[in-house]
Amino acid sequence: MKYMLLIRPDVDFSGEVPAEMVAATVAWVEEMTERGVRLHGDAIRPASEGVGVSRRAGKVITTDGPYAEAKEQMGGYDMLECRDLDEAIEIASKHPVAEIGVVEVRAVATIE
2 MKYMLLIRPD
12 VDFSGEVPAE
22 MVAATVAWVE
32 EMTERGVRLH
42 GDAIRPASEG
52 VGVSRRAGKV
62 ITTDGPYAEA
72 KEQMGGYDML
82 ECRDLDEAIE
92 IASKHPVAEI
102 GVVEVRAVAT
112 IE
């Protein structure tokens with residue numbers, strides 16, 4: 002089953018992410034890739050660089066980010082292929098951000 006990990010640090014890295022966090026994340030990515038459970042993933046740019054898109058009466062409307070009032074901001078994502086939810090939780094618990102925030106695990110719903 003496919004699971005999406007939503008990476009949400011509680012720390013606002015207003016500058017560069019510390020080198021030790023980058024190194025720990027690279028090691029996690031390598032381990033999970035070698036295990037064959039990580040399909041792909043990446044960090045994402047700050048919410049301040051995001052754009053909200055909606056359509057009303059056929060007109061496209063854009064809003065510069067951040068457009069959500071939230072304490073948590075998304076730092077990245079990883080797509081996994083796991084046996085079950087227990088394995089996905091075990092993998093998420095090993096992500097370095099689990100120590101400074103939350104790694105949310107969501108099953109992917111197949112659209113047919």
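The numbering used here applies: residue 2 is where the sequence shown begins, and numbers increase by one. Glycine included, every Cβ here is placed at the ideal spot set by N, Cα and C.
What's the gap between the Cα of residue i and the Cα of residue j?
{"i": "Arg57", "j": "Ile101", "result": "39 Å"}
{"i": "Leu81", "j": "Met22", "result": "21 Å"}
{"i": "Val61", "j": "Ser49", "result": "20 Å"}
{"i": "Leu86", "j": "Ala28", "result": "22 Å"}
{"i": "Gln74", "j": "Glu113", "result": "30 Å"}
{"i": "Val54", "j": "Gly66", "result": "10 Å"}
{"i": "Leu6", "j": "Val104", "result": "6 Å"}
{"i": "Cys83", "j": "Glu32", "result": "14 Å"}
Rounded C-beta distance between residue i and residue j? I'm assuming under 8 Å.
{"i": "Val30", "j": "Arg36", "result": "Actually they do not touch by this definition, with Cβ atoms about 11 Å apart."}
{"i": "Tyr133", "j": "Ala89", "result": "Coverage of the chain is limited to positions 2 through 113, which leaves residue 133 absent and any answer about it impossible."}
Residue i by DSSP, collapsed to three states: which one?
{"i": "Val38", "result": "coil"}
{"i": "Thr63", "result": "strand"}
{"i": "Glu105", "result": "strand"}
{"i": "Val12", "result": "coil"}
{"i": "Val54", "result": "strand"}
{"i": "Met22", "result": "helix"}
{"i": "Glu17", "result": "coil"}
Can residue i and residue j be called in contact, C-beta distance under 8 Å?
{"i": "Ala93", "j": "Val106", "result": "yes"}
{"i": "Gly16", "j": "Ala44", "result": "no"}
{"i": "Val52", "j": "Thr64", "result": "yes"}
{"i": "Asp79", "j": "Gly42", "result": "yes"}
{"i": "Pro97", "j": "Ala25", "result": "yes"}
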